């Protein structure tokens with residue numbers, strides 16, 4: 001593993017520029033093309049730790065990984081019927097969302113949210129949709145919708 | 154006796170008569186008509202003449218049901234997300250009839266709005282090669298050509314993006330149809346004989362769309378105001 005370090009500012013400026021370029025190309029449709037961002041990370045870091053078939057413990061595993069890997073400082077969640085609300089503070093990538101929001105672009109992708117979505121879809125085959133990312137007071141309020149099952153033929 | 158049109162009248166009629174048809178009879182689409190539709194697609198403009206479009210004709214009922222299920226699932230997820238964030242309610246704010254609003258919300262959030270791919274006799278899956286510059290533009294031109302030919306033939310069609318706008322659904326489609334990595338599934342065009350011909354959808358007037366020389370200076374006068 002390389003010991004070379006790069007600054008987080010550099011990484012976030014590049015991630016921002018890529019997201020902004022994609023937004024400029026695809027507009028509101030961009031969000032649907034980035035729903036699997038983080039999949040390789042999920043498969044290597046998260047999936048091996050998931051030993052359950054219940055939603056709550058799956059989300060807890062993702063929260064542990066996010067904290068232990070230093071991707072976020074704090075993460076909490078609540079489930080209300082079909083709605084899953086996730087609060088994230090101290091995310092490594094929040095400057096990306098803040099810069100996008102400052103330029104009038106509604107944030108449209110979020111790695112912590114994608115990890116939750118990927119986990120529930122992979123383990124339970126239940127569809128999940130990221131509905132909203134709100135940047136507030138230096139943190140993010142994420143709203144997801146949990147579906148019971150996929151439409152079948 | 155068939156109606157007679159000159160070339161301009163025929164072009165205007167075909168453009169104006171085109172509708173998004175979502176209900177079909179059981180009558181199959183003839184091979185002759187299908188060939189005309191695909192020939193129209195093949196004649197579309199293409200950057201560098203790359204012709205990146207490729208087509209998969211799906212008539213097998215089981216596969217069409219899978220397409221309908223994937224489309225329905227995608228639409229249901231997206232519209233439910235729009236509903237829970239109140240954006241759908243904002244979009245339908247001008248619809249005052251409460252029963253109609255509720256029915257529209259139910260149709261959208263359930264995903265049933267896109268399930269008709271299962272019912273159309275033919276689903277044309279439009280793919281595009283990624284190793285070209287103009288994939289989305291070229292394939293969209295091909296699709297519009299198909300829709301106009303469908304209208305000229307007296308058939309009905311609907312351009313459906315629901316089963317492939319989200320990359321997760323596109324991956325399911327590619328698995329189902331064996332589409333290789335070097336291609337993107339752009340859309341599906343459902344084709345059949347219309348069981349219902351809807352009224353035209355409202356269009357934004359030209360005076361709100363067209364500017365003179367630079368952005369913001371209307372090209373056309375708003376005659377309703379003068």
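Protein chains in written order, with the numbering used here: chain E, 1 to 153; chain Z, 154 to 379.
Using N, Cα and C, we set each Cβ at its ideal position, and we do this for glycine too.
For clarity, every value in this text was computed on a predicted model and none was experimentally measured.
- Counting along the chain, residue 207 of chain Z sits inside the beta strand (DSSP E) bounded by residues 206–211.
- Using a Cβ-Cβ distance cut-off of 8 Å, the stretch 340–349 of chain Z and the stretch 175–186 of chain Z are in contact, since at least three pairs of beta carbons, one from each stretch, lie closer than that value.
- Residue environment: residue 151 of chain E is assigned as buried (16 or more neighbouring CB atoms within 10 Å of its CB, all protein chains considered).
- Comparing alpha carbon positions, the residue from E/5, E/59, E/10, E/105 closest to residue 114 of chain E is E/59.
- In this structure, residue 275 of chain Z keeps its C-beta atom at 8 Å or more from the C-beta atom of residue 208 of chain Z.
- Contact annotation: in the stretch 20–36 of chain E, residues whose CB is within less than 8 Å of a CB in chain Z are 29, 32, 33, 34, 35, 36.
- Nearest CB-CB separation between residue 293 of chain Z and chain E: not below the 8 Å threshold.
- Between residue 16 of chain E and residue 100 of chain E, the alpha-carbon positions lie close to 7 Å from each other.
- Residue 29 of chain E and residue 314 of chain Z have their alpha carbons spaced roughly 11 Å apart.
- Within 10 angstroms of the beta-carbon of residue 149 of chain E lie fewer than 16 other beta-carbons, which makes it exposed.
- The beta carbon of residue 319 of chain Z sits closer than 6 Å to the beta carbons of 227 from its chain, once the five residues preceding and following it are set aside; these are given in chain order.
- If the five residues before and after residue 38 of chain E are omitted, its C-beta is found closer than 8 Å to the C-beta atoms of 111, 114, 115, 118, all from its own chain and listed in chain order.
- Taking 8 Å as the cut-off, the beta carbon of residue 186 of chain Z is found closer than this to the beta carbon of residue 308 of chain Z.
- Residue pairing by DSSP places residue 336 of chain Z opposite Z/282 in a beta bridge.
- Each residue's CA atom was taken as its position, placing residue 52 of chain E and residue 181 of chain Z some 48 Å apart.
- Linking residue 295 of chain Z to residue 57 of chain E through their CA atoms gives a straight-line distance of about 48 Å.
- Chain Z places no beta carbon closer than 8 Å to that of residue 112 of chain E, leaving this residue out of the contacts.
- Contact check for residue 292 of chain Z against residue 206 of chain Z passes: the beta carbons are separated by less than 8 Å.
- Here the alpha carbon of residue 89 of chain E sits roughly 10 Å from the alpha carbon of residue 136 of chain E.
- Identification of residues in the stretch 118–148 of chain E having a C-beta nearer than 9 Å to some C-beta of chain Z yields 121, 127, 128, 129, 130, 131, 132, 143, 144, 145, 147, given in sequence order.
- Taking 7 Å as the Cβ-Cβ cut-off, the stretch 316–327 of chain Z approaches chain E at 318, 319, 320, 321, given in chain order.
- For residue 13 of chain E, there is no enclosing beta strand (DSSP E); the enclosing alpha helix (DSSP H) has its first and last residue at 8–26.
- Residue 83 of chain E has a beta carbon lying within less than 8 Å of a beta carbon in chain Z.
- Residues 316, 322, 325, 326 of the same chain have their beta carbon placed closer than 7 Å to that of residue 223 of chain Z, with the five preceding and five following residues left out of the count.
- Look at residue 93 of chain E here: in three-state DSSP terms it is coil, with no helix or strand label.
- Residue-level contact check: residue 95 of chain E does not touch chain Z, since none of the beta carbons of chain Z fall below 8 Å from its beta carbon.
- Excluding residues up to 5 positions away in sequence, 75 lie with their Cβ nearer than 6 Å to the Cβ of residue 63 of chain E in the same chain.
- Judged by their CB atoms, residue 234 of chain Z and residue 131 of chain E are nearer to each other than the 8 Å cut-off.
- A straight-line Cα-Cα distance of about 25 Å links residue 170 of chain Z and residue 265 of chain Z.
- Contact note: residue 197 of chain Z does not reach chain E at a C-beta cutoff of 9 Å; the least C-beta distance is about 21 Å.
- Neighbours of residue 150 of chain E across chain Z, judged by C-beta separation under 8 Å: 222, 226.
- Residue-level contact check: residue 200 of chain Z does not touch chain E, since none of the beta carbons of chain E fall below 8 Å from its beta carbon.
- By alpha-carbon distance to residue 145 of chain E, the top candidate from E/34, E/11, E/82 is E/82.
- Nearest neighbour of residue 339 of chain Z by Cα position, chosen from E/129, E/44, E/65, E/33, turns out to be E/33.
- CA-CA distance, residue 244 of chain Z to residue 231 of chain Z, rounds to 14 Å.
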